[in-house]
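Engineer: Following this message is one structure expressed as structure tokens.
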Amino acid sequence: MQTLNGIKLAKEIKEEIKELVESYKNQGQRVPHLGAILVGSNGASQTYVDNKIKDCQFVGYESSELRLPDTISQEELIAEIEKWNNDDTLDGFIVQLPLPKHIDQEAVINAIDPNKDVDGFHPMNFGKMALEMETFLPATPFGIMEMLERYNIDTVGKHTVVIGRSRIVGRPMSILMSKNGNPGNSTVTLTHSKTENLEQFTKEADIVITALGVPGFLKADMIKDGAVIIDVGITRVDDSSNPRGFVLAGDVDFDNVKEKASWITPVPGGVGPMTRAMLLKNTLLAYDRRKK
503 MQTLNGIKLA KEIKEEIKEL VESYKNQGQR VPHLGAILVG SNGASQTYVD
553 NKIKDCQFVG YESSELRLPD TISQEELIAE IEKWNNDDTL DGFIVQLPLP
603 KHIDQEAVIN AIDPNKDVDG FHPMNFGKMA LEMETFLPAT PFGIMEMLER
653 YNIDTVGKHT VVIGRSRIVG RPMSILMSKN GNPGNSTVTL THSKTENLEQ
703 FTKEADIVIT ALGVPGFLKA DMIKDGAVII DVGITRVDDS SNPRGFVLAG
753 DVDFDNVKEK ASWITPVPGG VGPMTRAMLL KNTLLAYDRR KK
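Counting from 503, one number per residue, gives the positions in the sequence shown under this note's numbering.
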């Protein structure tokens, strides 16, 4: 078993971007500019946005942050998004999810300029991804594809089973793994909560990508020897023995599954850091487009 180290890989990618940004500065060019809109006071969302700001500082990007109360109306939020759509100094931005229940998430995503949608959630960008056109890929699937490529994991002709069909991870992952390329050219089975006898599929899989959000769901007896296991799930599990009162657990029963897997991502430290790094890469793409 070998570990797919997302922390190490993300650091390498950020160092590459930092070097590129330094070259822009030396040429007298402006640097990429990433923005984040945060609605409400969700602790996990605040931490995620704070980390994005730190990432920007590390690589030399300019960053902007707009924090709005959870009492804001949908119309007021969309009005703020329109201001950022029309801000020529801003290359790309994200609206941190989840949003308060009184706000229609789809309406908000659709309000973002597709050319600034560095989260890759806008229907236009999702459609381009499905058609294998250059676009902003959703950050987590993008991170997984980058990880597979940089660790030289062959996906061509392999059977990939994706667990979970969310628009953020599962569905785009199934599209990307079947695209023409390497990574890609895989035979993909997309499974979900309504799939019967799910373990029949995972036992046959060369690659399992799980984004279910159920701690320890994937057991050792559900995979074959030598499978590649990508764990996207991350859930807080109460643990009184931990100083924080909880531990972070993935979808995979890591200690047992690692004995059978050829490659496996840990939680934390696997896919998560790659997600943040890919947001920086998407911002770079937005920046390059605007320069042209």
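Heads up, the beta-carbon is just placed ideally off N, CA and C, and yes, glycines get one too.
From the DSSP output, read off the bridge partner residues of Ser566.
Structural biologist: According to DSSP, Ser566 bridges with Gly537.
Engineer: At what residues does the alpha helix (DSSP H) containing Gly545 begin and finish?
Structural biologist: Start and end: 545-561.
Engineer: Taking Ser668 as the reference, give the member of Gly715, Val710, Asp590, Pro685 with the closest Cα.
Structural biologist: Comparing Cα-Cα distances from Ser668 to each of Gly715, Val710, Asp590, Pro685, the minimum goes to Gly715.
Engineer: What does the alpha-carbon distance come out to for the pair Phe638 and Arg791?
Structural biologist: Going by the C-alpha atoms only, they are around 11 angstroms apart.
Engineer: Nearest by alpha-carbon distance to Ala512: which of Met649, Lys585, Asn612 is it?
Structural biologist: Of the candidates Met649, Lys585, Asn612, the one whose C-alpha sits nearest the C-alpha of Ala512 is Met649.
Engineer: Out of curiosity, what's the CA-to-CA distance linking Asp619 and Ile732?
Structural biologist: Taking the straight line joining both Cα atoms gives about 26 angstroms.
Engineer: Contact defined as beta carbons within less than 8 angstroms: I believe Cys558 pairs with Ser565. What is the distance between those atoms, to the nearest angstrom?
Structural biologist: 4 angstroms between Cβ atoms; contact.
Engineer: Would you call Gly545 buried or exposed, if buried means 16 or more other Cβ atoms sit within 10 Å of its Cβ?
Structural biologist: Classification of Gly545: exposed, given that the 10 Å Cβ count is below 16.
Engineer: Could you check which residue in Met503, Gly508, Gln504 has the C-alpha nearest to that of Val769?
Structural biologist: Measuring from the Cα of Val769, the nearest candidate turns out to be Gly508.
Engineer: Need the endpoints of the beta strand (DSSP E) that Thr712 sits in, please.
Structural biologist: Unbroken beta strand (DSSP E) run through Thr712: 709-712.
Engineer: Any chance you could list the beta strand (DSSP E) runs of at least 3 consecutive residues sitting entirely within the region 711-773, in chain order?
Structural biologist: As far as the region 711-773 is concerned, its whole beta strand (DSSP E) runs of at least 3 residues are 730-733, 737-740, 748-751.
Engineer: Excluding the 5 residues flanking Arg652 on each side, which residues of the same chain have their C-beta closer than 7 angstroms to its C-beta?
Structural biologist: Cβ neighbours of Arg652 beyond the five flanking positions: Leu511.
Engineer: Three Cβ pairs or more, each shorter than 8 angstroms: is that satisfied between the region 563-581 and the region 750-765?
Structural biologist: The region 563-581 is not in contact with the region 750-765.
Engineer: With a cut-off of 8 angstroms, do at least 3 Cβ pairs link the region 653-663 to the region 686-696?
Structural biologist: Result yes; three or more Cβ-Cβ pairs closer than 8 angstroms.
Engineer: Just to confirm my understanding: we take Arg738, look at its own chain, exclude 5 residues before and 5 after, and list those with CB closer than 7 angstroms. What are they?
Structural biologist: Same-chain partners within the cutoff: Phe748, Leu750.
Engineer: Applying the 10 Å Cβ sphere with the 16-neighbour rule, what's the burial state of Gly683?
Structural biologist: Its Cβ having fewer than 16 others within 10 Å, Gly683 is exposed.
Engineer: Phe595 lies in the beta strand (DSSP E); which residues open and close that run?
Structural biologist: 594-597 is the span of the beta strand (DSSP E), which, as asked, contains Phe595.
Engineer: Can you name the start and end residues of the alpha helix (DSSP H) that Leu650 belongs to?
Structural biologist: Residues 641-652.
Engineer: Nearest CA to the CA of Ile580: which residue from Asn553, Glu567, Lys556, Glu608?
Structural biologist: Cα-wise, what sits closest to Ile580 is Glu608.
Engineer: What are the partner residues of Asp619, as DSSP defines its beta bridges?
Structural biologist: Paired residue(s): Phe595.
Engineer: For Ala713 versus Ile725, is the C-beta distance shorter than 8 angstroms?
Structural biologist: No; because the gap between Cβ atoms is not below 8 angstroms, this pair is not in contact.
Engineer: Which of the three DSSP states is assigned to Gln504 in this structure?
Structural biologist: In this structure, Gln504 counts as strand in the three-state DSSP scheme.
Engineer: Beta-carbon within less than 6 angstroms of Gly622's beta-carbon, same chain only, minus the 5 sequence neighbours each way: which residues are those?
Structural biologist: Phe638, Leu639, Pro640, listed in sequence order.
Engineer: Who are the Cβ neighbours of Arg778 in its own chain at under 7 angstroms, not counting the five residues just before and after it?
Structural biologist: The residues are Ala512, Asn553, Lys554, Asp557.
Engineer: With a Cβ-Cβ cutoff of 8 angstroms, do Val710 and Ala729 count as a contact?
Structural biologist: Cβ atoms of Val710 and Ala729: closer than 8 angstroms.
Engineer: Let me make sure I understand the geometry here. Which of Val773, Thr573, Ile596, Phe719 has the alpha-carbon closest to that of Pro602?
Structural biologist: It is Thr573.
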